[in-house]
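All remarks here apply to the structure that follows.
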Amino acid sequence: MLKIFFQIQAQHKGCIPRKGPLIVAANHFSYMDPVALQAMFPRRIAFMMTERYYEGRGKLLFQILHCICVKEKGSNTTALRQGLEVLKKNDVLGIFPEGGVSREGQLQQGNPGIGFLAIKSGAPVIPAFISGTYKALPKGAKVPKISRIKIIFGKPLIFQQVGEREKKKGMEEITQTIMEHIEKLPFFDRQTE
Numbered sequence: 001m002l003k004i005f006f007q008i009q010a011q012h013k014g015c016i017p018r019k020g021p022l023i024v025a026a027n028h029f030s031y032m033d034p035v036a037l038q039a040m041f042p043r044r045i046a047f048m049m050t051e052r053y054y055e056g057r058g059k060l061l062f063q064i065l066h067c068i069c070v071k072e073k074g075s076n077t078t079a080l081r082q083g084l085e086v087l088k089k090n091d092v093l094g095i096f097p098e099g100g101v102s103r104e105g106q107l108q109q110g111n112p113g114i115g116f117l118a119i120k121s122g123a124p125v126i127p128a129f130i131s132g133t134y135k136a137l138p139k140g141a142k143v144p145k146i147s148r149i150k151i152i153f154g155k156p157l158i159f160q161q162v163g164e165r166e167k168k169k170g171m172e173e174i175t176q177t178i179m180e181h182i183e184k185l186p187f188f189d190r191q192t193e
């Protein structure tokens with residue numbers, strides 16, 4: 001239903017491994033992003049979600065969907081541990097590395113938690129770029145508008161383990177690399193059409 005109403009299209013779904021642990025990392029322009037991403041993804045995704053949304057009326061729904069609550073301030077050791085547990089079960093972990101919905105519909109800087117999870121788990125990271133959701137449901141809007149939504153998946157990124165000394169720098173570099181791949185996807189897609 002959602003796919004038809006919003007005309008959701010996905011490109012390069014063949015890049016997605018059908019089994020094994022996997023992290024999917026996407027831009028976050030709208031509250032609709034996780035719904036659109038899950039609608040077009042061939043496997044169930046356990047999303048990491050900021051506590052502000054997790055604690056409201058949707059808490060039960062988010063628990064049923066196996067979302068992981070991420071604190072906005074302070075340590076996220078528990079959330080990171082839960083993310084690693086998802087990956088140990090050979091499941092898919094969904095992360096919006098920006099940490100929140102963009103007010104302007106522009107890609108923001110990524111947070112290093114994704115770098116930590118990629119290093120610690122060794123799981124491949126699929127970058128994804130979602131377009132059209134900002135127009136359909138921008139931050140602050142109450143009712144979605146009909147809009148075309150397009151999701152472009154990139155090839156899996158695999159990162160090498162780093163030593164304890166290099167971990168912080170490695171996390172930051174990996175996060176930056178993932179964000180660069182997300183940012184390049186719409187341009188790569190235009191070249192391949």
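Sequential numbering from 1 applies to the sequence shown in the numbering used here. The beta carbon of each residue, even a glycine, is placed where N, CA and C say it ideally should be. None of the values given here were measured: they were computed from a predicted structure.
For residue j and residue i, the rounded distance between their alpha carbons
i	j	result
P156	I174	13 Å
E180	S30	20 Å
I182	A25	8 Å
E104	A141	13 Å
E193	V92	In this predicted model, E193 has a pLDDT of only 40, less than 50, meaning its place in the structure is not dependable; the value taken from the coordinates is given anyway. Near 28 Å, if we compare the C-alpha coordinates of V92 and E193.
K169	F116	10 Å
Q176	V125	13 Å
F187	K13	17 Å
Selection from the options that minimises the alpha carbon distance to residue i
i	options	result
C69	K88, Y134, A128 and I95	I95
G154	K135, K145 and I178	I178
T77	I114, K89 and G110	I114
K150	D91, Q161 and L37	L37
G100	P17, A46, T50 and I23	T50
R43	E55, C67 and R18	R18
N90	Y134, G170, L22 and E172	L22
G20	G170, V35, K184 and S121	S121
Endpoints, the beta strand (DSSP E) within which residue i is located
i	result
Q9	I8 to Q11
I23	L22 to A26
Pick out the complete alpha helix (DSSP H) segments inside the segment 30-90, 4 residues or longer, and give them in chain order.
-> DSSP runs (the alpha helix (DSSP H)) wholly in the segment 30-90: 33-40, 51-54, 59-64 and 77-88.
Scan the segment 88-172 and note each continuous alpha helix (DSSP H) run of 4 residues or more that stays entirely inside, going in chain order.
-> Runs of the alpha helix (DSSP H) inside the segment 88-172: 113-121 and 133-136.
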